[in-house]
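S.K.: These protein sequences, in sequence, are chains P and W.
Using this note's numbering, the letters of the first sequence map in sequence onto residues 1 to 487.
Using this note's numbering, the letters of the second sequence map in sequence onto residues 1001 to 1135.
Ideal Cβ placement from N, Cα and C applies to all residues, glycine included.
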Amino acid sequence: MTNILHKWTQGFSSLFASNQNNIVFEQYLEEASDAIYIVDNSEKIVFANKSAHALLGYPYPELNGSSMSSIVQPSLKGNPFAEGLPGTADAIFQLTYIRKNGTAFTGELSAKIFSEGGHLGIVRDVSRAVDQRDTLVNSENKLRALIENSFDIVILLNRHFIVQYISPSLEDSLGYHPGELLGKPVNSFIEFHDRKLIYDLLKSSGITYRIEDIRLKHKDKFLKHFEINAINLLHQENIRGIIVNCHDIHDRVHFEEQLKNTNYELDSFVYRVSHDLKAPLRSILGLLSLASKESSVETLHIYNEMMKRSVEGLDRFIHELTQFSRNSRLDIQVESIDFTALVREVLFQIQYLNLENKIEVRQHIIQNLEFFSDKHRIHTILANLLSNAYKYHRFENNNPYIEIDIKVDSSGVEIIVLDNGTGIDEQYQTKVFDMFYRASEQSTGSGLGLYIVKSAIERLQGEIQLESIIGKGTKIKVELPNKKKLD
Amino acid sequence: MGAEHYIDTILLVDDNETDNFIHKRVLELNSFAKNIVIKNSGKSALEFLQQNQHYPDAIPNVIFLDINMPIVDGFVFLFEYENFPDTVKNKTKIVILSSSDNKKDIDRIVDNDYVVHFLTKPLSDESLAELKKIV
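(1) Counting only Cβ-Cβ distances shorter than 9 Å, please list the residues of the stretch 1017-1046 of chain W near chain P, keeping chain order.
(2) Label V1095 (chain W) either buried or exposed according to how many other C-beta atoms from any shown protein chain fall within 10 Å of its C-beta, with 16 as the threshold for buried.
(3) Please list, in chain order, all residues of the same chain as I953 (chain W) whose beta carbon is under 7 Å from its beta carbon, the five residues on each side excluded.
(4) Counting contacts by CB-CB distance shorter than 8 Å, is K293 (chain P) in contact with chain W?
(5) What first and last residue would you give for the beta strand (DSSP E) that runs through S336 (chain P)?
(6) For K407 (chain P), report the span of its beta strand (DSSP E) as first-last.
(7) Would D331 (chain P) be called buried (16 or more neighbouring beta carbons within 10 Å of its own) or exposed?
(8) So, is A1129 (chain W) buried or exposed, given that buried needs 16 or more other C-beta atoms within 10 angstroms?
(9) Give me the chain W residues within the contact set of E441 (chain P), using Cβ-Cβ distance strictly less than 7 Å, ordered along the chain.
(10) Just the C-alpha distance for L95 (chain P) and E108 (chain P), rounded to the nearest angstrom, thanks.
(11) Is it true that the CB of R99 (chain P) sits closer than 8 Å to the CB of G57 (chain P)?
(12) Let me confirm a value: S205 (chain P) is counted as buried when at least 16 other C-beta atoms fall within 10 Å, else exposed. Which label applies?
(13) Taking DSSP as the reference, what is the three-state secondary structure of D1014 (chain W)?
(14) Going by DSSP, what residue range makes up the alpha helix (DSSP H) through A279 (chain P)?
(15) Scan the stretch 424-480 of chain P and note each continuous alpha helix (DSSP H) run of 4 residues or more that stays entirely inside, going in chain order.
(16) Let me know the secondary structure DSSP gives Q94 (chain P) once reduced to three states.
(17) Does the beta-carbon of L1092 (chain W) have 16 or more other beta-carbons within 10 angstroms, so that it is buried, or is it exposed?
(18) In whole angstroms, what separates the C-alpha of K278 (chain P) from that of I452 (chain P)?
(19) Residue ranges of each alpha helix (DSSP H) run of no fewer than 4 residues wholly in the stretch 189-247 of chain P, ordered along the chain?
(20) Is the Cβ of S310 (chain P) closer than 8 Å to any Cβ of chain W?
(21) Taking a contact to mean a Cβ-Cβ separation below 8 Å, would you say Y176 (chain P) touches K221 (chain P) in this structure?
(22) Give the secondary structure of V1116 (chain W) by DSSP, where H, G and I count as helix, E and B as strand, and everything else as coil.
(23) With DSSP run on the structure shown, which of helix, strand or coil describes I359 (chain P)?
(24) Say yes only if the C-beta of N1035 (chain W) is nearer than 7 Å to one or more non-hydrogen atoms of the ligand FMN, and no if none qualify.
(25) On the premise that I153 (chain P) lies in contact with I166 (chain P), defined as a C-beta separation below 8 Å, what is that separation, rounded to the nearest angstrom?
(26) In this structure, does DSSP put S328 (chain P) in helix, strand or coil?
(27) Shortest alpha-carbon distance to N1016 (chain W) belongs to which of P:R309, P:I318, P:D374, P:S336?
(28) Would you say the stretch 236-250 of chain P touches the stretch 266-275 of chain P, given that touching needs at least three Cβ pairs under 8 Å?
(29) Can you tell me the Cα-Cα spacing of L287 (chain P) and L1027 (chain W), whole angstroms?
(30) Output the distance between the C-alpha atoms of L1049 (chain W) and E403 (chain P), rounded to the nearest integer angstrom.
(31) Measure the beta-carbon distance from D419 (chain P) to Y437 (chain P) and round it to whole angstroms, keeping in mind my assumption that it falls under 8 Å.
(32) If I follow the unbroken beta strand (DSSP E) through F105 (chain P), where does it start and stop?
(33) With N482 (chain P) and F372 (chain P) assumed to form a contact (beta carbons below 8 Å), what rounded beta-carbon distance in angstroms separates them?
(34) Quick check on L157 (chain P) - is its C-beta less than 8 Å from some C-beta in chain W?
(35) Do you know how far the Cα of V253 (chain P) is from the Cα of R394 (chain P)?
(36) Does chain P have any CB closer than 8 Å to the CB of K1103 (chain W)?
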């Protein structure tokens, strides 16, 4: 063994100046705590010290004479032995070594390359360090994946509030490509008034803050609501920045606004209803108190008439409320509808509005197909449209008429109610379908009628169109689908 | 006519005919005003003031104003009233007469500079007596 070693160590002319030194060196190699081996130019291990045997799990001196390939995984990527050691330069490699029992470990090889080929290697087991590094890389990757796949926008700012990093969710949320904002001041996509909010916060509570609702500018110019959390890590060695997390709350804010609106509507509904229920009662109360002071039978008779009108008004309003709640609450009851009979029924019910028959009613009903829908709701729609047509009529220089055109075909029904009455001022035409809106000075109603019509039509998945010219008349067209497929 | 009237002219603004009738009758029985002018919409009341703004005698001392009216309601009326010359505004005191006892309405309308009082329908001898302390 010594001879072989001796033969090979002769190669280190620079290291070993004398024979004396040579012996010292041999002893050193043998006893060194590092694992040392020498490989010749045919990849044969000509020397391996005790530590090398221990490291690789071989009994001493079994390794001597075996091939390099038995201790190094040859096929692994980055293994310099797969392609031969590069040149003659000394080098440090990381290799996967195989122990005698087949297990592997990562070794760091410091190789002294001989000019004749072969090398002297010193190996250290660096598995633990590599494991640690891998864990670090893994956790970094995990963190990155977390940030990059998060729906939140994560931004890293430097001390001048310039964007250093911004996560890709930016594109989905605000439409910008991350590259567009890198190096830009963070203010560039914060709504102008909300910048002031941040500025005030920075002054009062410093760089670490939270804002529950801030508006950021989308690339397409509209604003979106975000909840943001900023953490000051300027003094943290490895970050030196401000981390800002922006959580998209746009949908939440939208729903909250809807809820607020619904609550507001409910509020005004209760308010209006209680007012409209109270008003006729207060009138009756006033009349009763006046009546107690009157003695003339004629006057009392007038009071009675007025009280009757108030009661009737109250009765109508309660009826409308029932229609209203019926429409929103009850399921659709599909049944076959005969429009000729239905129109007759409706006209009979509201005939009190046309007692003197001053208004001519023209009907054109064409129904050759069976039509299925909710009879109650269509009754409500017709009754409201027709009583409006009766109520808002012009008698001066006019022959008032109402035209009812109903046509059933395979696609559904088209109902047109047309009159030559007072018409609706253009500025109120978009409002007439609003709850409680009264578009006429002469209105004595509740302002619920057309709202109920619109809601009922929506429930039946139909459509309504209004055309009106003030002083000329109104045309309302309703289209409703057949609720049963006709073959 | 022996009875002394408390004021010269009152303008009733209400879309409810029955209520206008009641108010007129209560005012008559209490000899509250010599002239009672009735307008059944906010719009026609504004037109009346417009036409009479240069006739001091015709300008009402008191206006009874309803809140819930179609198109020109009490709030719109007050908004437009703001534009009348001082000759009108200095003479006229506005009293809200409504069946609403909703606090929001009362607060909102009492905030108005020209509104001096808020009465709840129906108008009664008692509420008129109360009003006399103010106007």
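M.R.: Inspection of the coordinates gives the following:
(1) E1017, T1018, D1019, F1021, I1022, H1023, R1025, V1026, L1029, N1040, S1041, G1042, K1043, S1044
(2) buried
(3) Residue 953 (chain W) lies beyond the residue range present for chain W, which begins at 1001 and ends at 1135; the question has no answer from this structure.
(4) yes
(5) 334-337
(6) 401-409
(7) exposed
(8) exposed
(9) S1041, K1043, P1070, I1071
(10) 6 Å
(11) yes
(12) exposed
(13) coil
(14) 250-291
(15) 449-459
(16) strand
(17) In the sequence under discussion, the amino acid at residue 1092 (chain W) is Thr, which differs from the Leu named in the question. Buried: at least 16 other Cβ atoms inside 10 Å.
(18) 21 Å
(19) 192-205
(20) yes
(21) no
(22) strand
(23) coil
(24) With respect to small molecules bound, the structure shown includes none, and the ligand FMN cannot be examined in it.
(25) 7 Å
(26) helix
(27) P:R309
(28) no
(29) 13 Å
(30) 40 Å
(31) With 8 Å as the limit, D419 (chain P) and Y437 (chain P) do not qualify as a contact, their Cβ atoms being about 19 Å apart.
(32) 104-113
(33) 6 Å
(34) no
(35) 49 Å
(36) no
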